[in-house]
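K.L.:
Numbering (our numbering), first residue to last: -10 to 444. All C-beta atoms, glycine included, are put in the ideal place defined by N, C-alpha and C.
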Ligand code: BES
Ligand code: ZN
């Protein structure tokens, strides 16, 4: 192990240079113009994996390709097999004007590397590759066989990975999946995440007049779709922060006393959270702490709202339509398709006859909950402690990694969520960054993890 640790220490500068190369690909999965960037990024990754001593290939899908890379192994190997999952696709960069440096031109400022995808998820996942490189390049025997599965569609719902898992079950069968694509509260608080929220995505569109109309000539005698949409959406949450859709909270398992105690230990307190987020006040469902609200309670969230004229100056129209992009975060035991059904039924019920309602369904995924006391979880906690030098905390997270449910259902494998992102990393926001300490400690954590998991 000492050789591995020394190798990691000696090569940090090069690792950062390589990460910069990786971050230069504009691998935005949601935007079709970036398809070639995703393909190029996958090729780069395969090439890089081969350089560090893995066997690697691009596996095409109906969407963006998947990169599969493996540690060299004996076909009769008796070592435990683990998957390391990550994604090389990134979120859109808009609004571009708010970036202090270009999103795909990585720069180091202070302790961090700034670029889209730095924390979510290229940097975090790269830490595992570098740990494996240290084993391979120092000739230190790896106590586990590892298969990296790095996909290009996580940020758009992982639609094709599901099929890939089903088609390649024997190849991908593993004892557990290791994922660094979540967060930790601070460099002094490494964390094991034992739950993620689920999600349903959809788009609502209200159609009014057949075309935009002169608001002076026709306004007042016809419904304004933007107003109708505002009124519709405004009914969906009450003043206590509760979603008003009948049945929305029906299936939820209440938080146990132990979980509420764990949540209370989360070190980012309300005042610091408010400051970090730059919002005039915090707001959430009454009866729950902010930590609970953002990790263990379901939400109805407007992600985008569009209607009428958005250009310079004014334009006096009644817009022809108005639309909203919506996601609901779900918690354990809520069924995505059921929630989708009751949400749609409620929208239809309260939609006024003055507009025509159109709902387009998007992706969906169940929440995830795994035991934080299993032997694998204990091994992970020890690896975190060794790498970071402080006791790790247990936490639930509010984000979603849809494919973890498929890992369980198709491969029978639990996911170990060992996040390296910090709350101020600006994931999905302008000026995304990744802390270089989290990067180097993450490599160390990964190096220890394989020993602990095999032991
Ligand atoms: N890395 C995130 C997931 C995440 C972030 C989990 C922080 C927990 C804490 C991932 O890349 C992500 O953003 N997932 C999407 C999934 C969605 C598009 C289906 C999400 O949560 O919005
Ligand atoms: Zn993300």
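Taking one C-beta from the region 156 to 171 and one from the region 54 to 74 each time, how about it: are there three or more such pairs within less than 8 Å?
P.N.:
yes
K.L.:
Hey, is residue 142 close to the ligand ZN, as in C-beta under 6 Å from one of its heavy atoms?
P.N.:
no
K.L.:
Using DSSP with H/G/I as helix, E/B as strand and the rest coil, what is residue 88?
P.N.:
Correct three-state label for residue 88: coil.
K.L.:
Say yes only if the C-beta of residue 109 is nearer than 6 Å to one or more non-hydrogen atoms of the ligand BES, and no if none qualify.
P.N.:
Yes, since a heavy atom of the ligand BES falls inside the 6 Å radius drawn around the Cβ of residue 109.
K.L.:
How should residue 296 be labelled, buried or exposed, when 16 other C-beta atoms within 10 angstroms of its C-beta is the threshold for buried?
P.N.:
buried
K.L.:
For the beta strand (DSSP E) containing residue 72, list its first residue and its last residue.
P.N.:
70 to 76
K.L.:
How should residue 30 be labelled, buried or exposed, when 16 other C-beta atoms within 10 angstroms of its C-beta is the threshold for buried?
P.N.:
buried
K.L.:
Below 7 Å between beta carbons: does that hold for residue 307 and residue 195?
P.N.:
Going by C-beta atoms, residue 307 is not nearer than 7 Å to residue 195.
K.L.:
At a cut-off of 6 Å, is residue 414 close to the ligand BES when judged by its beta-carbon and the heavy atoms of the ligand?
P.N.:
no
K.L.:
In whole angstroms, give me the CA-to-CA distance for residue 64 and residue 311.
P.N.:
58 Å
K.L.:
If residue 249 and residue 288 are in contact, beta carbons under 8 Å, what's the gap, nearest whole angstrom?
P.N.:
About 19 Å separates the CB atoms of residue 249 and residue 288; that is not less than 8 Å, and the two are not in contact.
K.L.:
Let me make sure I understand the geometry here. Which of 217, 109, -4 has the alpha-carbon closest to that of residue 346?
P.N.:
217
K.L.:
If contacts are defined as beta-carbon pairs under 8 Å, then residue 411 and residue 175 qualify, I think. What distance do you get, rounded to the angstrom?
P.N.:
7 Å
K.L.:
Among 224, 42, 13, 301, whose alpha-carbon lies nearest the alpha-carbon of residue 79?
P.N.:
Checking every option, the nearest Cα to that of residue 79 belongs to 13.
K.L.:
Counting beta carbon pairs with one atom in the region 413 to 422 and one in the region 106 to 123, are three or more of them shorter than 8 Å?
P.N.:
Touching, yes.
K.L.:
Enumerated in chain order, which unbroken segments of the alpha helix (DSSP H) with a length of 4 residues or greater are wholly contained in the region 257 to 342?
P.N.:
You should have 259 to 266, 279 to 285, 325 to 339.
K.L.:
Going by Cα to Cα distance, which pick from 62, 19, 4 is closest to residue 37?
P.N.:
4
K.L.:
Is residue 366 near the ligand NAP, in the sense that its beta carbon is under 6 Å from a heavy atom of that ligand?
P.N.:
Absent from the structure shown: the ligand NAP. Ligands present: the ligand BES and the ligand ZN.
K.L.:
Identify the continuous beta strand (DSSP E) that holds residue 404 and give its terminal residues.
P.N.:
403 to 406
K.L.:
Within 10 Å of its beta-carbon, does residue 188 have 16 or more other beta-carbons around it, so buried, or fewer, so exposed?
P.N.:
So residue 188 ends up on the buried side.
K.L.:
Just checking residue 171 against the ligand BES - is the residue's beta carbon closer than 6 Å to any of the ligand's heavy atoms?
P.N.:
yes
K.L.:
Does the region 364 to 372 come close enough to the region 116 to 125 to have 3 or more Cβ pairs within less than 8 Å?
P.N.:
Result no; under three Cβ-Cβ pairs closer than 8 Å.
K.L.:
Here's the rule I'm using: 16 or more other beta-carbon atoms within 10 Å means buried, otherwise exposed. How should residue 203 be labelled?
P.N.:
exposed
K.L.:
Between which residues of its own chain and residue 44 is the CB-CB distance below 6 Å, once the five residues before and five after are set aside?
P.N.:
59
K.L.:
When DSSP labels each residue in this structure, what does residue 216 get in the three-state scheme?
P.N.:
helix
K.L.:
For the ligand BES, I want to know if residue 146 counts as a neighbour, meaning its beta carbon is within less than 6 Å of at least one of the ligand's heavy atoms.
P.N.:
For the ligand BES, at least one heavy atom lies less than 6 Å from the Cβ of residue 146.
K.L.:
Whose C-beta lies closer than 7 Å to the C-beta of residue 28 among residues of the same chain, with five residues either side of it excluded?
P.N.:
Result list for residue 28: 54, in chain order.
K.L.:
Are the region 84 to 103 and the region 139 to 152 in contact at 8 Å, needing three or more beta carbon pairs?
P.N.:
no
K.L.:
Label residue 269 either buried or exposed according to how many other C-beta atoms from any shown protein chain fall within 10 Å of its C-beta, with 16 as the threshold for buried.
P.N.:
exposed
K.L.:
For a test of your reading of the model: does the CB of residue 390 fall under 6 Å from any non-hydrogen atom of the ligand BES? Yes or no.
P.N.:
Because some heavy atom of the ligand BES lies under 6 Å away, the Cβ of residue 390 counts as near it: yes.
K.L.:
Measure the CB-CB distance between residue 373 and residue 179 and report whether it falls below 7 Å.
P.N.:
yes
K.L.:
May I have the straight-line CA-CA distance separating residue 442 from residue 431, to the nearest angstrom?
P.N.:
16 Å
K.L.:
Helix, strand or coil for residue 43? Go by DSSP, reduced to three states.
P.N.:
coil
K.L.:
Quick one: Cα of residue 284 to Cα of residue 251, how far?
P.N.:
Whole-angstrom Cα-Cα distance: 12 Å.
K.L.:
Name the residue from 444, 190, 435 whose alpha carbon lies nearest to the alpha carbon of residue 119.
P.N.:
435
K.L.:
In angstroms with no decimal places, state the Cα-to-Cα distance between residue 9 and residue 226.
P.N.:
43 Å
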